[in-house]
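Working notes, beginning with the structure itself.
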Amino acid sequence: MPCYRCGARQTDPVRGASPWQRGVRDESQVLICPDCQRLHDHDLDSCSTCGSTTLIRRLGEVECRSCGAVRMARTDTLTVSVPPPPGLSAEVEAALNRVLGRA
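Residue numbering for the sequence shown is 53 to 155, as defined by the working numbering.
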C-alpha cells in the first residue's frame, strides 16, 4: 500500500518498528510515509471519544489505539484511492521475471 499523500511505496522493512504511520481517512486504512509525516495536517479521521487520530480499521470496525473505543465503520463513504506510481507495472513484471527465472 503506498502513502496516501504522495504515493511513495514502502521498501523492504529493516528490523525494528516501521517508520511508516497508519491511520484512517474517510473510513479507509491509509499509510503515511516518513516524509509526509513531517506535514502537520494529515486530514485523518479522529476518535469521537478522545479525539485521537491513532485509528486502525479492520474487519468493518474502526478502533482507537489511544482509548480502545471501537465502532462499526461506515460503508456509505467513498474510499481513498491513490493511483499507482508510474512504472509500477513494469517493476512488478521485472520482479516476477527475476523470481520465476524468465529470460
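Beta carbons are placed, not taken as given, at the ideal position from N, Cα and C, and that holds for glycine.
Margin query: Distance check for H94 and S100, CA to CA, integer angstroms please.
Written below: 17 Å
Checklist line | Other residues of its chain near D87: CB distance less than 6 Å, five sequence neighbours each side excluded | finding: none
Check: Around the C-beta of C85, are 16 or more other C-beta atoms found within 10 angstroms, so that it is buried, or is it exposed?
Finding: buried
Checklist line | Cβ distance (whole Å) where D97 is taken to contact L107 below 8 Å | finding: 6 Å
Checklist line | Where V66 falls: helix, strand or coil (DSSP) | finding: coil
Checklist line | Cβ distance (whole Å) where L83 is taken to contact R74 below 8 Å | finding: A Cβ-Cβ separation of about 6 Å places L83 in contact with R74 under the 8 Å criterion.
Notebook entry, point to check: If you compare alpha carbons, which of E145, D64, R117 is closest to C102?
Noted result: R117
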